[in-house]
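*Asks:* Sequence lines, in order, name chains D and U. Position in the first sequence (first residue = 1) + 944 = my numbering. Position in the second sequence (first residue = 1) + 944 = my numbering. Below is one structure. I have some questions about it.
2 protein chains.
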Amino acid sequence: MPKTAINPTREQNYPLWYQEVIKAADMAESSSVRGCMVIKPWGYAIWENIRKALDKEFKRTGHKNAYFPLFIPKSYLEKEAEHVEGFAKECAVVTHSRLEQVEGQEGLVPAGKLTQELVVRPTSETIIGESFSKWVNSYKDLPLLINQWANVVRWELRPRLFLRTAEFLWQEGHTVHSTADEAVDETLMILDIYADFCKDLLAMPVLKGKKTESEKFPGAVDTYCVEAMMQDKKALQAGTSHFLGQNFAKSSEIKFQNKEGEMEYAWTTSWGVSTRLIGGLIMAHSDDDGLILPPRVAPAQIVLLPIYKNPDDAKKILSYLENLKSELENITYHGENLVVVLDDSEATSSARSWDWIKKGVPVRVEVGMRDLEKDSLFVGRRDKPHKDKESISRDNFVSEIVATLDDIYQNIYSKAKSFLDENIVNIDEKEKFYDIFKSKGKQAFVLSHWCGCPECEKAIKEDLKATIRCVPFSSQEEEGKCIYCGKSSKMRVVFAKSY
Amino acid sequence: MPKTAINPTREQNYPLWYQEVIKAADMAESSSVRGCMVIKPWGYAIWENIRKALDKEFKRTGHKNAYFPLFIPKSYLEKEAEHVEGFAKECAVVTHSRLEQVEGQEGLVPAGKLTQELVVRPTSETIIGESFSKWVNSYKDLPLLINQWANVVRWELRPRLFLRTAEFLWQEGHTVHSTADEAVDETLMILDIYADFCKDLLAMPVLKGKKTESEKFPGAVDTYCVEAMMQDKKALQAGTSHFLGQNFAKSSEIKFQNKEGEMEYAWTTSWGVSTRLIGGLIMAHSDDDGLILPPRVAPAQIVLLPIYKNPDDAKKILSYLENLKSELENITYHGENLVVVLDDSEATSSARSWDWIKKGVPVRVEVGMRDLEKDSLFVGRRDKPHKDKESISRDNFVSEIVATLDDIYQNIYSKAKSFLDENIVNIDEKEKFYDIFKSKGKQAFVLSHWCGCPECEKAIKEDLKATIRCVPFSSQEEEGKCIYCGKSSKMRVVFAKSY
């Protein structure tokens, strides 16, 4: 019998371990539709928690939700040159409006050819721009702060559950401002919301920074991002926030009359996070026994597991746990009621316990007759080894549960933070730099000087598959030499391999 | 100057009045994409309230949310004969995976032809069935109770905002059971949830009943529905719940091992409501001054309108209202905190007040210096004439607000209920029956006998555009004669024109 619940382990085969964690936690599965996934209830409930928390922040900062068409006329996509260049290669094209039986042919064939092809939105700047051009007339209409929760489609050659799927769920914010400064402020405020969210809800520390020209969003002036480190020391872009300048305002004719009565092009932003956050969450914290969930995103914080041998005991224990469940569910944790599962399924108590370990539930509570008689609970925590369980009096458990969950959060976060800190290194020698990205297991976030020239960036990408994840906000001005060409540089950037 | 805020009035031109209400309340607009609408923040916020309330009910009754692919391979749709017949005529067909520049041609052209065409889901029985066939193996896996919040696409020849749009938002429940009885129970339980929701949240009374063969969902054994009456006395199908028998289980191979160890086909259901509920909500209650919203679905229950002439007064009044706003927002109404808007926009106080009347906000509170000095508020209610405003002491207003909102709800509901009751008529003479549906303004829900024969149903539809909305649960067995052919009949059914 293997010693870990997940096989292979992270050490043995990280990509396969990732898939097995998802399977063991019953979060998602591939569908038979090219690159599309099915998000199963446990995975979707995590997305619901992500959505709820972010939605609250967006609303708190004055944004309103709306909904725009799934389809984008081909001509709209063509309006912004860089944008269409970026998305035309991977979009789903709708060409017909029905299926018909045709004599002599088996099955149904497409019919009702559309006069203009429609593209399933890969992102909505162009279709939302069309609406905004009508909504914005005067400076009084600004700022316009809109968010949309939606599905988008971008074909992926090598799909991976949550990380890269043809269809994914996301939110896309789209805002319009009367000045460039205000639009940049918005872009950066949203980046802070993303960073705080990653830290507070996902227990995932991130680096904030700016993308290079070659890595930015097609059509943006500047793309800002939050980058997280996975346990294989690869980077995951967790969210992006784009200052679009007047590019989309010009292609979509978003103009407003300023206070002086003159017409001006507006300044726009867009920003988004997606279901790939769940992929990041998995890879940031999970271990060889499965998923580890920070309490605030966990679909359930606590699972109650009755252990009994006969119907009489069962009755007593279940009634005891029902009572405990009600009490716990009335406790609020960071503004939300605790969610508690009582698992009385037919499986053996060991199998049930392992199920919930693999699903990453923060706290497991076992109660048998001996516990009941002592009015105490046998408690396991997902941030500790699975055998490391403690007997706690019922009263203490209840009165300390909020502190316990906070402690679990803190442990998960601290572990990820230490891992990130330990694996960010300053490198000034090209040989060492190449060695790090070429040697298996040596990976890191490498802070090196870069001259700013796209050719050096490209050469490194081709040689090592490492890219500039961002120019981090934390970087200080500092004299140095480009890690590739040796020319003078003023600042370090973060190189890493990435998802 | 016209006497009503909405022109034309309901009396003058009902369909145009409907469009103008939506425009005046800033709820939605047509997009440039064939048949697709843009749901603006005020309309979307109503959908969010609908979603939240229903989601809670689905979860309370054991359902879990999940998410399935947007695309359905053509071959899946073809598996169930009636089903594909019903949807092939109006589906968006994806045939290519990218757009390319081709020499000599202007713009981009579709490229990367798919080996099998994909259809944008018009409903998800077939693609969800594919997953369910893998998830269900044993009676221990049942019941499987899943819901999905998603967008779907069905081309519409004559789109109308909210009522009939090519793309719409909805929820679709899909469940699997080990017996037919249990599946039927599920179908009917959901119908009750829909009916209660329509009553309690939308203040919209509905008739519950069963569809005839010709009106049921393509592939269903039985379709149950809730039907509401609009102010033009037409019917709106507000929600449907389908008992699918073993039809989809057979076409998708959803089988389970029963307790005796034998393999059996499972029994499935599906059920849904969509953004068309918002169309129903508008047409059920709104008047010639615009939208009227029952408090529980209103994006805001109360709007505060400061009235002042100079900056000094403004400061005092705004501070007074900020304080009132905070106090009100801490009050819960049916489990949710009250939402209060403070509108200090530049428009005149009359224009602002009219804005919120047209948006249907249940309670308007105006405060000028004289009110402030008396510590009283000038309060208007959307269920009463707009001039019918009352001065109420601040303390009384706050302490009575929950009762006031319940009273508003009750008034809106009672009005709709009386209207429905007054306009359901028993008709036993063919001439009268024809007269009702042929005369302008005579419309009704007509309870008449029907022999059960599809030909009579079809003839009436062709002659009068009236259809059998349902065989109502409330119908008693009763001897009678078919309104069309005169043959004997056991029960009355509801005929009406419909949206």
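A virtual CB, placed ideally from N, CA and C, is assigned to each residue, including glycine.
Taking Cβ positions only, does Arg1042 (chain U) come closer than 8 Å to chain D?
*Replies:* It does; some Cβ of chain D falls within 8 Å.
*Asks:* Name, going along the chain, the residues of the stretch 1002 to 1016 of chain D whose beta-carbon falls closer than 8 Å to a beta-carbon of chain U.
*Replies:* So the list reads Lys1008, Asn1009, Ala1010, Tyr1011, Phe1012, Pro1013, Leu1014, Phe1015, Ile1016, given in the order they occur along the chain.
*Asks:* Quick check on Pro1416 (chain D): does DSSP put it in helix, strand or coil?
*Replies:* Pro1416 (chain D) falls in the strand class under three-state DSSP.
*Asks:* Which residues in chain D have a C-beta closer than 8 Å to the C-beta of Ser1392 (chain U)? List them in chain order.
*Replies:* Within 8 Å Cβ-Cβ: nothing; Ser1392 (chain U) doesn't reach chain D, min ~36 Å.
*Asks:* Does any residue of chain D bring its CB to less than 8 Å from the CB of Asn1095 (chain U)?
*Replies:* With 8 Å as the cut-off, Asn1095 (chain U) counts as an interface residue toward chain D.
*Asks:* Can you list, in chain order, the residues of its chain with a C-beta nearer than 6 Å to that of Val1437 (chain U)? Leave out the 5 residues immediately preceding and following it.
*Replies:* Trp1394, Ile1412, Val1415.
*Asks:* Quick one: Cα of Ser1432 (chain U) to Cα of Asp1140 (chain U), how far?
*Replies:* Rounded to whole angstroms, Ser1432 (chain U) to Asp1140 (chain U) spans 35 Å at the Cα level.
*Asks:* Here's the rule I'm using: 16 or more other beta-carbon atoms within 10 Å means buried, otherwise exposed. How should Ala1295 (chain D) be labelled?
*Replies:* Classification for Ala1295 (chain D): exposed.
*Asks:* Taking Leu1286 (chain U) as the query, report the chain D residues whose CB atoms sit under 9 Å from its CB, ordered along the chain.
*Replies:* Neighbours of Leu1286 (chain U) on chain D: none; closest Cβ ~13 Å, over 9 Å.
*Asks:* Mind checking the stretch 1013 to 1039 of chain D against chain U and listing, in chain order, the residues whose C-beta falls within less than 9 Å of any C-beta there?
*Replies:* Residues Pro1013, Leu1014, Phe1015, Ile1016, Pro1017, Lys1018, Ser1019, Tyr1020, Leu1021, Glu1022, Val1028, Phe1031, Ala1032, Lys1033, Glu1034, Cys1035, Ala1036, Val1037, Val1038, Thr1039.
*Asks:* Given that Lys984 (chain U) touches chain D, what residues does it touch there, using C-beta distances under 8 Å?
*Replies:* Chain D residues near Lys984 (chain U): Ala1010.
*Asks:* Buried or exposed, going by whether 16 or more other CB atoms sit within 10 Å of the CB of Thr1119 (chain D)?
*Replies:* Result: buried.
*Asks:* So the candidates are U:Asp1350, U:Trp961, U:Leu1349, U:Glu973; which of them puts its Cα closest to the Cα of Phe890 (chain U)?
*Replies:* Nothing about residue 890 (chain U) can be read from this structure; chain U reaches only from 945 to 1443.
*Asks:* Taking the alpha helix (DSSP H) that Tyr1423 (chain D) belongs to, which residues open and close that run?
*Replies:* The question names Tyr, but residue 1423 (chain D) in the sequence shown is Glu. Looking at the DSSP string, Glu1423 (chain D) is not in any alpha helix (DSSP H), and its letter there is neither H nor E.
*Asks:* If we cut at 8 Å on Cβ distances, does Ser1068 (chain D) have a partner in chain U?
*Replies:* Answer no: the Cβ-Cβ gap between Ser1068 (chain D) and chain U never drops below 8 Å.
*Asks:* Distance check for Pro1066 (chain U) and Tyr1443 (chain D), CA to CA, integer angstroms please.
*Replies:* Near 33 Å, if we compare the C-alpha coordinates of Pro1066 (chain U) and Tyr1443 (chain D).
*Asks:* What are the start and end residues of each continuous alpha helix (DSSP H) run of 4 or more residues lying completely inside the stretch 1297 to 1336 of chain U, in chain order?
*Replies:* DSSP runs (the alpha helix (DSSP H)) wholly in the stretch 1297 to 1336 of chain U: 1313 to 1318.
*Asks:* Can you find the residues in the same chain that come closer than 7 Å, C-beta to C-beta, to Ile950 (chain D), ignoring five residues on each side of it along the sequence?
*Replies:* Excluding residues within five positions, the ones whose Cβ falls inside 7 Å are Trp961, Glu964, Val965, Ala968, Asp1232, Asp1233, Gly1234.
*Asks:* Assign Gly937 (chain D) to one of two classes, buried (16 or more other C-beta atoms within 10 Å of its C-beta) or exposed (fewer than that).
*Replies:* Outside the modelled stretch of chain D, which goes from 945 to 1443, sits residue 937 (chain D), for which no answer is possible.
*Asks:* Taking a Cβ distance cut-off of 9 Å, strictly less, list which residues of the stretch 1061 to 1088 of chain U are near chain D, in chain order.
*Replies:* Result list: Glu1061, Leu1062, Val1063, Val1064, Ile1071, Ile1072, Glu1074, Ser1075, Lys1078, Trp1079, Lys1084.
*Asks:* Would you mind reading off the limits of the beta strand (DSSP E) that contains Asn1095 (chain D)?
*Replies:* Looking at the DSSP string, the run of the beta strand (DSSP E) that includes Asn1095 (chain D) is 1088 to 1097.
*Asks:* Please list the terminal residues of the continuous beta strand (DSSP E) segment that includes Val1346 (chain U).
*Replies:* That residue, Val1346 (chain U), is in no beta strand (DSSP E); its alpha helix (DSSP H) goes 1338 to 1366.
*Asks:* By the three-class DSSP mapping on this structure, what secondary structure does Lys1431 (chain U) have?
*Replies:* Residue state, collapsed to three classes: coil.
*Asks:* Do the CB positions of Phe1187 (chain U) and Glu1024 (chain U) come within less than 8 Å of each other?
*Replies:* Taking 8 Å as the Cβ cut-off, Phe1187 (chain U) and Glu1024 (chain U) do not qualify as a contacting pair.
*Asks:* Nearest to Val1170 (chain U) by alpha carbon, out of U:Asp1176, U:Glu1206, U:Ser1218, U:Gly1205?
*Replies:* With distances taken between Cα atoms, Val1170 (chain U) lies closest to U:Ser1218.
*Asks:* By DSSP, does Tyr1011 (chain U) sit in helix, in strand, or in coil?
*Replies:* In this structure, Tyr1011 (chain U) counts as strand in the three-state DSSP scheme.
*Asks:* Would Val1217 (chain U) pass as an interface residue toward chain D - the criterion being a Cβ-Cβ separation below 8 Å?
*Replies:* Not closer than 8 Å to any Cβ of chain D, the Cβ of Val1217 (chain U) fails to qualify, so no.
*Asks:* If you reduce the DSSP assignment to three classes, tell me which class Thr1067 (chain D) lands in.
*Replies:* Thr1067 (chain D): coil per DSSP, three-state reduction.
*Asks:* So with Cβ pairs under 8 Å, would you call Ser975 (chain U) a contact of chain D?
*Replies:* Yes, contact with chain D.
*Asks:* Is it buried or exposed, Leu1321 (chain D), if we count other Cβ atoms within 10 angstroms and call 16 or more buried?
*Replies:* Burial call: buried.
*Asks:* Once DSSP output is grouped into helix, strand and coil, what is the label at Ile1016 (chain U)?
*Replies:* Ile1016 (chain U): strand per DSSP, three-state reduction.
*Asks:* Which parts of the stretch 1195 to 1222 of chain D are runs of the beta strand (DSSP E), unbroken and 3 residues or longer, counting only runs that do not cross its ends?
*Replies:* The stretch 1195 to 1222 of chain D contains these whole beta strand (DSSP E) runs: 1199 to 1201, 1207 to 1209, 1211 to 1218.
*Asks:* Mind pulling the chain D residues with CB within less than 9 Å of Pro1054 (chain U)?
*Replies:* Residues of chain D passing the Cβ test: Lys1018, Val1037, Thr1039, Glu1061.
*Asks:* At a CB-CB cut-off below 7 Å, which residues of chain U make contact with Leu1113 (chain D)?
*Replies:* Simply Tyr1011.
*Asks:* Closer than 6 Å by C-beta to Tyr944 (chain U): which residues in its own chain qualify, once you throw out the five before and the five after it? Chain order, please.
*Replies:* No answer is possible for residue 944 (chain U): it lies beyond the span of chain U, which begins at 945 and ends at 1443.
*Asks:* Can you tell me whether Asn993 (chain U) is buried or exposed, with buried defined as 16 or more other CB within 10 angstroms of its CB?
*Replies:* Buried.
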